[in-house]
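Worksheet: the structure to be examined is printed underneath.
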Amino acid sequence: MYFLPLALLGLRPSAYLMHSQLSFVWAYWNHSATFPKTHKLLPGLGHIIEYVVATPSHHRVHHGVNKYCIDKNYGMNLIIWDRLFGTFVEEREDEEITFGTIEQKDNNHFLGLQADPWRELWGRVVSSKTSGDALRTLMYGPGWSSGQPRLGNSEDIPDVRGRQKHQFASSSWLSVYLTLHCFLVFLGYFEVASYKDSTHYKRIEGPSFTLHSVIWKPERTLPFV
1 MYFLPLALLG
11 LRPSAYLMHS
21 QLSFVWAYWN
31 HSATFPKTHK
41 LLPGLGHIIE
51 YVVATPSHHR
61 VHHGVNKYCI
71 DKNYGMNLII
81 WDRLFGTFVE
91 EREDEEITFG
101 TIEQKDNNHF
111 LGLQADPWRE
121 LWGRVVSSKT
131 SGDALRTLMY
141 GPGWSSGQPR
151 LGNSEDIPDV
161 RGRQKHQFAS
171 SSWLSVYLTL
181 HCFLVFLGYF
191 EVASYKDSTH
201 YKRIEGPSFT
211 LHSVIWKPER
221 TLPFV
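Using full-length UniProt numbering, you'd call the opening residue of the sequence shown number 1 and step up by one each time.
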């Protein structure tokens, strides 16, 4: 969806879709908590790679809520932009990273995770005392409040290191269901890809089923789950 406007600029959809898929592949291995720093695997060459390219070590910092991790390492593919704009920081080996957001949610439902930040932002906007503060709430950082710097005061960031992780308890049946579901989605990806020359109905049949199966909660309809 984010790349679709590029078609209006003359870029072929097949070109940016290919780049989008490659970007997701790169993002997949970047989201790893076990992959070591590249220079430890490739002495010498690893330092050169880490200077330009975003690695799992760099991206772990981006997802951390330790104070030194906040608003750092934005680059997904190229970390050199963070070095140029002053938002780069090296992963510390003497401090374990705590992942997540500062205000950890107590559920994993995808609709809530997507909608809650917007609801909270709107609540801050309507509670602003002036129209200027309301506009700044939309344009400034999430830690900003009236009288604070644009990105908020770093001293106000709570120390949440070592907090208890929110774990979703699932039954054995649900684990089996999720495993089979992932396998069917994997097969369905190739099935839908073969429909490029088929009717419109066949093109949306597979994605519609996949979306429904992701939203559906079996514990609501199956009492034994």
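Note that beta-carbon positions come from the ideal geometry of N, C-alpha and C, so glycine has one too.
Go ahead and label T179 buried or exposed: buried means 16 or more other beta carbons lie within 10 angstroms of its beta carbon, across all protein chains shown.
Exposed, since its Cβ has fewer than 16 Cβ neighbours within 10 Å.
Go through its chain and collect everything with a Cβ distance to G152's Cβ below 6 Å, but skip five positions before and after it.
G141, G143, W144
Environment of A7 [buried if 16+ CB atoms lie within 10 Å]:
It counts as exposed.
Where the alpha helix (DSSP H) through G46 begins and ends
45-52
Alpha-carbon spacing of I79 relative to S20, whole angstroms
18 Å
Identify whether L78 lies in helix, strand or coil by the three-state DSSP scheme.
strand
From P5 to G162, what distance separates their C-alpha atoms?
42 Å
Taking the alpha-carbon positions, what's the Q167 to G10 distance?
Straight-line spacing of the CA atoms in Q167 and G10 works out to 46 Å.
Please report how far the alpha carbon of L41 lies from the alpha carbon of T55, in whole angstroms.
12 Å
With a Cβ-Cβ cutoff of 8 Å, do T98 and V65 count as a contact?
Closer than 8 Å, so yes.
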